Amino acid sequence: MSSAREIWEAALGELQLQVSKPNYDTWLRETTGISFQGDVFVVGVLNVFIAEWLTSRLHSLIRRTLTNIIGRVVDVQFVVCLPGQVDARPVATLQADGGTATKSKISVSAPRLKPGYTFDTFITGESNRLAYAAALEVAEEPGYRYNPLFIYGDTGTGKTHLLHAIGHAVKGKGHRVLLVSAEQFTNQFIIALKTNSIDDFHNKFRSADVLLVDDVQFLSGKGQTQECLLHIFNHLHDNNCQMVITCDHAPGAIASVTKKLKSRLEWGLITHIGAPDFETRLAILKLKTRQLNISAPLEVLQFLAAHFQHNVRELEGALNRVTTYAKLSGTEIDMGVTLEALSDIVKQENDRQVTLKPELIIDTVASHYGITPKALVGKRRDRKTALARQVAMYLLREQNCYGLAQIGKILGNRDHTTVLHGCEKIATEITTNPHLKESVEEIRKELAVEKLA
Ligand code: ADP
Ligand code: MG
Numbered sequence: 026m027s028s029a030r031e032i033w034e035a036a037l038g039e040l041q042l043q044v045s046k047p048n049y050d051t052w053l054r055e056t057t058g059i060s061f062q063g064d065v066f067v068v069g070v071l072n073v074f075i076a077e078w079l080t081s082r083l084h085s086l087i088r089r090t091l092t093n094i095i096g097r098v099v100d101v102q103f104v105v106c107l108p109g110q111v112d113a114r115p116v117a118t119l120q121a122d123g124g125t126a127t128k129s130k131i132s133v134s135a136p137r138l139k140p141g142y143t144f145d146t147f148i149t150g151e152s153n154r155l156a157y158a159a160a161l162e163v164a165e166e167p168g169y170r171y172n173p174l175f176i177y178g179d180t181g182t183g184k185t186h187l188l189h190a191i192g193h194a195v196k197g198k199g200h201r202v203l204l205v206s207a208e209q210f211t212n213q214f215i216i217a218l219k220t221n222s223i224d225d226f227h228n229k230f231r232s233a234d235v236l237l238v239d240d241v242q243f244l245s246g247k248g249q250t251q252e253c254l255l256h257i258f259n260h261l262h263d264n265n266c267q268m269v270i271t272c273d274h275a276p277g278a279i280a281s282v283t284k285k286l287k288s289r290l291e292w293g294l295i296t297h298i299g300a301p302d303f304e305t306r307l308a309i310l311k312l313k314t315r316q317l318n319i320s321a322p323l324e325v326l327q328f329l330a331a332h333f334q335h336n337v338r339e340l341e342g343a344l345n346r347v348t349t350y351a352k353l354s355g356t357e358i359d360m361g362v363t364l365e366a367l368s369d370i371v372k373q374e375n376d377r378q379v380t381l382k383p384e385l386i387i388d389t390v391a392s393h394y395g396i397t398p399k400a401l402v403g404k405r406r407d408r409k410t411a412l413a414r415q416v417a418m419y420l421l422r423e424q425n426c427y428g429l430a431q432i433g434k435i436l437g438n439r440d441h442t443t444v445l446h447g448c449e450k451i452a453t454e455i456t457t458n459p460h461l462k463e464s465v466e467e468i469r470k471e472l473a474v475e476k477l478a
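Numbering (the working numbering), first residue to last: 26 to 478.
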């Protein structure tokens with residue numbers, strides 16, 4: 026039989042998958058397996074409050090998890106066990122003796138900076154250029170320019186990535202950086218209140234040169250925590266310490282946040298990250314394939330970029346899924362594997378999405394270039410017509426997700442290799458030719474209007 030410590034390590038591995046990251050970091054990360062005798066498994070925690078929290082919220086999940094690992098039903102007990110302390114006493118004893126444990130220090134760790142989330146792995150495009158530039162400036166001269174820097178946008182648009190990137194950059198310059206999600210801030214605040222260690226809590230946050238707070242919308246409705254953050258804000262601001270905040274809404278639109286805190290959040294620079302455009306999505310995918318050292322045909326990347334439009338996390342998830350699927354089936358990544366791997370998602374998307382008729386795309390492109398739709402699908406090869414035709418190939422691929430052969434057919438029975446060449450040419454040229462990029466954007470906008478009609 027393995028030791029209590031090993032069993033608990035295994036249980037933590039399971040629990041990490043089942044609770045949110047902030048909860049895991051706050052309540053479970055610093056626990057240890059102490060003993061396992063008879064049917065009782067004893068877990069060491071840092072203070073009474075954590076023990077109480079785990080008992081009231083996670084007891085049955087933990088019990089189930091341990092029972093699965095051990096193979097028979099066990100009971101779980103939490104004991105307070107400070108690091109280095111030899112005799113762990115059960116919580117009940119501590120509560121009865123006048124709350125000795127309330128003096129224990131909070132040593133719940135803040136989230137660490139994620140190694141991959143740096144400025145050089147952040148792809149920029151129209152949607153995030155301003156936020157990126159502001160983040161870079163703040164990282165260069167923290168505390169002077171925009172304080173706080175407030176970055177907001179929908180989920181999966183790269184806010185956390187940028188926040189960590191600032192963290193890495195300023196840490197590299199020797200600043201004391203503290204990164205915390207608002208959820209974790211709240212958890213730690215509650216622990217501090219319950220364990221009479223609010224001074225430690227304040228000191229910890231006030232000692233930062235740079236404070237990074239992720240997902241501040243989590244403080245909605247939590248008046249006391251908001252008040253606490255406000256005090257920390259004032260202190261840091263007075264001392265020219267930089268704060269960077271991320272949120273899913275602009276400060277004015279966060280629900281149930283005090284006016285005072287809102288106005289503080291609006292003091293510096295507010296910058297928005299939108300959904301990435303097609304080229305940005307494609308560039309992100311290309312970067313990810315390089316990072317993961319996988320090779321995927323451009324056609325596949327274009328398909329993914331066309332399908333997953335709003336959320337980079339989903340885009341990455343789709344690439345990972347395709348990669349895993351190909352690996353498991355022992356094949357190279359191609360369109361066939363991609364469609365199979367994503368069949369459920371793609372079907373749902375198709376059901377949801379209003380797809381445009383190919384004729385409409387052809388008409389819109391032709392009219393943008395001042396030629397007739399007939400010419401576009403015809404035999405003419407002058408530069409303007411050829412370009413319009415290739416743009417049509419590219420947009421048909423992007424907007425409708427047709428196969429290459431099908432697009433060839435729609436555009437006057439052309440070969441699929443001609444279509445592939447056209448799509449690739451536009452995909453490459455668009456990154457270096459601003460005029461072309463602008464044209465494609467304009468046509469996309471017109472098509473978007475059609476979609477709504
Ligand atoms: P958010 O915090 O806005 O919900 P994240 O920062 O967690 O989004 O981003 C989700 C995933 O997408 C992360 O893996 C991140 O690295 C990646 N990502 C988002 N935007 C970009 C970008 N512009 N360049 C590279 N990767 C990005
Ligand atoms: Mg985030």
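C-beta atoms are modelled at their ideal positions from N, C-alpha and C, and glycine is treated no differently. Just so you know, these numbers come straight off a predicted model, no measurement behind them.
How would you call residue 315, buried or exposed, if buried means at least 16 neighbouring beta carbons within 10 angstroms? Here residue 315 refers to the residue found at position 290 when the sequence shown is read from its first residue. Its Cβ having fewer than 16 others within 10 Å, residue 315 is exposed.
Using 9 Å as the threshold, is the C-beta distance between residue 323 and residue 452 below it? Residue mapping note: residue 323 aligns to position 298 of the sequence shown, counting from 1. Residue mapping note: residue 452 aligns to position 427 of the sequence shown, counting from 1. Result yes, Cβ atoms of residue 323 and residue 452 sit closer than 9 Å.
Pocket of the ligand ADP defined by Cβ to heavy atom distance under 5 Å: 147, 148, 180, 181, 182, 183, 184, 185, 186, 309, 337 and 338
Answer with yes or no whether the minimum CB distance from residue 457 to chain C is below 9 Å. The question asks about chain C, but that chain is absent: this structure has only one protein chain.
On a CA-only basis, which of 382, 178, 358 and 445 is nearest residue 273? Give me that one, please. Numbered from its first residue, the sequence shown carries residue 273 at position 248. The candidate whose alpha carbon is nearest that of residue 273 is 178.
Taking residue 66 as part of the beta strand (DSSP E), name the residues at either end of that continuous run. Taking the first residue of the sequence shown as position 1, residue 66 is located at position 41. Here the beta strand (DSSP E) through residue 66 covers 65 to 70.
Could you tell me the alpha carbon to alpha carbon distance between residue 473 and residue 149, rounded to whole angstroms? One-based indexing of the sequence shown puts residue 473 at position 448. One-based indexing of the sequence shown puts residue 149 at position 124. Computed Cα separation, rounded: 23 Å.
Please determine if the stretch 328 to 344 and the stretch 174 to 191 are in contact, where contact requires at least 3 C-beta pairs separated by less than 8 Å. yes
Within the stretch 380 to 461, ranges of the alpha helix (DSSP H) (whole runs, at least 4 residues): 383 to 394, 398 to 402, 408 to 425, 429 to 435 and 441 to 454
C-beta atoms of residue 258 and residue 173 nearer than 9 Å: Counting from 1 along the sequence shown, the entry for residue 258 is found at position 233. Counting from 1 along the sequence shown, the entry for residue 173 is found at position 148. Taking 9 Å as the Cβ cut-off, residue 258 and residue 173 qualify as a contacting pair.
Under the DSSP definition of a beta bridge, which residues are partnered with residue 101? Looking up residue 101 in the sequence shown gives position 76. Paired residues: 66.
Give the C-beta separation of residue 228 and residue 168 to the nearest angstrom, bearing in mind that I take them to be a contact with Cβ-Cβ under 8 Å. On the sequence shown, residue 228 is found 203 positions in, with the first residue counted as 1. On the sequence shown, residue 168 is found 143 positions in, with the first residue counted as 1. That belief does not hold up - the Cβ atoms of residue 228 and residue 168 are roughly 19 Å apart, past 8 Å.
Could you spell out where the alpha helix (DSSP H) holding residue 235 opens and where it closes? Working through the sequence shown from its first residue, we reach residue 235 at position 210. No alpha helix (DSSP H) contains residue 235, which is instead part of the beta strand (DSSP E) from 235 to 239.
Any idea if residue 222 is buried or exposed, counting beta-carbon neighbours within 10 angstroms, 16 or more meaning buried? As a working note, residue 222 is residue 197 in the sequence shown. Label assigned to residue 222: buried.
Whose C-alpha, out of 142, 303 and 153, is nearest the C-alpha of residue 190? As a first step, residue 190 must be located in the sequence shown, where it is residue number 165. When each option's Cα is compared against that of residue 190, the closest is 142.
Since residue 350 is in the alpha helix (DSSP H), which residue starts that stretch and which ends it? As a first step, residue 350 must be located in the sequence shown, where it is residue number 325. From DSSP, the alpha helix (DSSP H) with residue 350 extends over 337 to 353.
Relative to the ligand MG, is the shortest distance from any of its heavy atoms to the C-beta of residue 50 smaller than 8 Å? On the sequence shown, position 25 is the one that residue 50 refers to. No.
Please find out if some non-hydrogen atom of the ligand MG comes closer than 8 Å to the beta-carbon of residue 271. The residue given as residue 271 occupies position 246 in the sequence shown. At least one heavy atom of the ligand MG is nearer than 8 Å to the Cβ of residue 271, so yes.
Indicate, with yes or no, if the ligand MG has a heavy atom lying under 8 Å from the CB of residue 407. As a working mapping, residue 407 is identified with position 382 in the sequence shown. No, the Cβ of residue 407 stays beyond 8 Å of every heavy atom of the ligand MG.
Can you give me the Cβ contacts of residue 235 inside the same chain, cut-off strictly under 6 Å, excluding the 5 residues immediately before and after it? As a working mapping, residue 235 is identified with position 210 in the sequence shown. Once the five neighbours on either side are set aside, the close Cβ partners of residue 235 are 167, 195, 200, 202 and 267.
State the beta-bridge partners of residue 267 as determined by DSSP. As a working note, residue 267 is residue 242 in the sequence shown. Bridge partners of residue 267: 235.
Contacts around residue 363, its chain only, beta-carbon distance under 7 Å, and the 5 residues preceding and following it disregarded: Residue 363 sits at position 338 when you count from the first residue of the sequence shown. Contacts found: 325, 328 and 347.
What is the residue span of the alpha helix (DSSP H) that residue 567 lies within? Missing from the structure shown is residue 567; the chain here goes from 26 to 478 and no further.
When you measure from the CB of residue 145 to every non-hydrogen atom of the ligand MG, does any distance come out below 8 Å? Start at 1 with the first residue of the sequence shown, and residue 145 comes out as number 120. No; taking the cut-off as 8 Å, the Cβ of residue 145 has no heavy atom of the ligand MG nearer than that.
Less than 8 Å between the CB of residue 440 and some heavy atom of the ligand MG, yes or no? Along the sequence shown, one-based indexing puts residue 440 at 415. Flag unset: Cβ of residue 440 not near the ligand MG.
Thinking C-beta only, is residue 305 closer than 9 Å to residue 159? On the sequence shown, position 134 is the one that residue 159 refers to. On the sequence shown, position 280 is the one that residue 305 refers to. Their beta carbons are not under 9 Å apart, which means residue 159 does not touch residue 305 by this criterion.
Please list, in chain order, all residues of the same chain as residue 64 whose beta carbon is under 6 Å from its beta carbon, the five residues on each side excluded. The residue given as residue 64 occupies position 39 in the sequence shown. Excluding residues within five positions, the ones whose Cβ falls inside 6 Å are 99 and 100.
For residue 58, is the classification buried or exposed, using 16 other Cβ atoms within 10 angstroms of its Cβ as the cut-off for buried? Along the sequence shown, one-based indexing puts residue 58 at 33. By the neighbour-count rule (16 or more Cβ atoms within 10 Å), residue 58 is buried.
Just mark residue 41 as buried or exposed, buried being the case when its beta carbon has 16 or more other beta carbons within 10 Å. Taking the sequence shown and counting its residues from 1, the one referred to as residue 41 is at position 16. Classification of residue 41: exposed, given that the 10 Å Cβ count is below 16.
Check whether the Cβ of residue 480 lies closer than 8 Å to any heavy atom of the ligand MG, and answer yes or no. Shown here, the chain extends from 26 to 478; a query on residue 480 therefore has no answer.
Mind checking whether residue 415 and residue 447 have CB atoms under 9 Å apart? One-based indexing of the sequence shown puts residue 415 at position 390. One-based indexing of the sequence shown puts residue 447 at position 422. Yes, they are a contact pair.
Let me check one thing: in DSSP terms, what residues is residue 175 bridge-paired to? As a first step, residue 175 is located in the sequence shown; it is residue number 150 there, counting from the start. DSSP output for residue 175 lists 270 and 295 as bridge partner(s).
With a Cβ-Cβ cutoff of 9 Å, do residue 52 and residue 78 count as a contact? Within the sequence shown, numbered from 1, the residue matching residue 52 stands at position 27. Within the sequence shown, numbered from 1, the residue matching residue 78 stands at position 53. It is a contact, given that the beta carbons lie within the stated cut-off.
Can you find the residues in the same chain that come closer than 7 Å, C-beta to C-beta, to residue 253, ignoring five residues on each side of it along the sequence? Numbered from 1 along the sequence shown, position 228 holds the residue referred to as residue 253. The residues are 214.
If you draw a straight line from the C-alpha of residue 144 to the C-alpha of residue 464, how long is it? Here residue 144 refers to the residue found at position 119 of the sequence shown. Here residue 464 refers to the residue found at position 439 of the sequence shown. Distance between the alpha carbons of residue 144 and residue 464 is about 29 Å.
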